[in-house]
Amino acid sequence: MVIDIAGVSAPDWVALAPTFAFVAAAMLTFLVDTIEPRPGTSSNTALAATAVVGSLVAFLVAGYFLVAGVGQPRGTGAVSLFQDQLVVDGMSLFFVVIIGSVTSLVSLASFDYLEGQTYQAEYYGLVLLAATGMSLMASANSLATAFVSLELS
């Protein structure tokens, strides 16, 4: 049985797993801030850890897809989503690997800088949502999708 949501089957949704990892990490960052909103407490550690782990998950999933041949001509071929608005191929996965590694390094480097500052969750959330936009831009196959992704990042 194949699950079909909005004309896209479940295996096609899996191709966007690195992007979903960025979104999930951003939402989890906002949730952690809701649970423990005091600035200057251990929430900075939890927020930075959430951002770094979420970025590394996206990095590892995209790297695994790249090594496994997802989107490669010798493997499954390019995965087209939403009537060819998004295309997950080797090049887009390569850029998502770069985006995931840079996002995790930025989140890690920001830890000391944000110590004792206010609005830490918003910073980490915006970094992760910008990474989401960049990963969608790497998969964009039309000008409209690229523009919306640019607005997100």
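Going by the working numbering, the first residue of the sequence shown is number 70, and it counts up by one from there. We treat Cβ as the ideally placed atom computed from N, Cα and C, and that holds for glycine. Bear in mind that the values here come from a model prediction, so they are computed numbers and not experimental data.
For the pair G185 and A147, the Cα-to-Cα distance works out to about 45 angstroms.
Considered as a whole, the region 113-160 harbours 148-150, 155-157 as its complete beta strand (DSSP E) runs of no fewer than 3 residues, in chain order. Selection F151, L177, T119 evaluated against L100 yields T119 as nearest (Cα-Cα).
For the 7 angstroms CB-CB criterion, S176 and A93 do not form a contact.
Three or more beta-carbon pairs separated by less than 8 angstroms are not found between the region 177-197 and the region 147-163, which leaves the two stretches without contact. Collapsing the DSSP output to three states places A93 in a helix. A Cβ-Cβ contact shorter than 7 angstroms links G140 with G159. Secondary structure at A84: coil, using DSSP grouped into helix, strand and coil.
Proximity to V171 across S204, Y182, L212, L183 peaks at S204, based on C-alpha coordinates.
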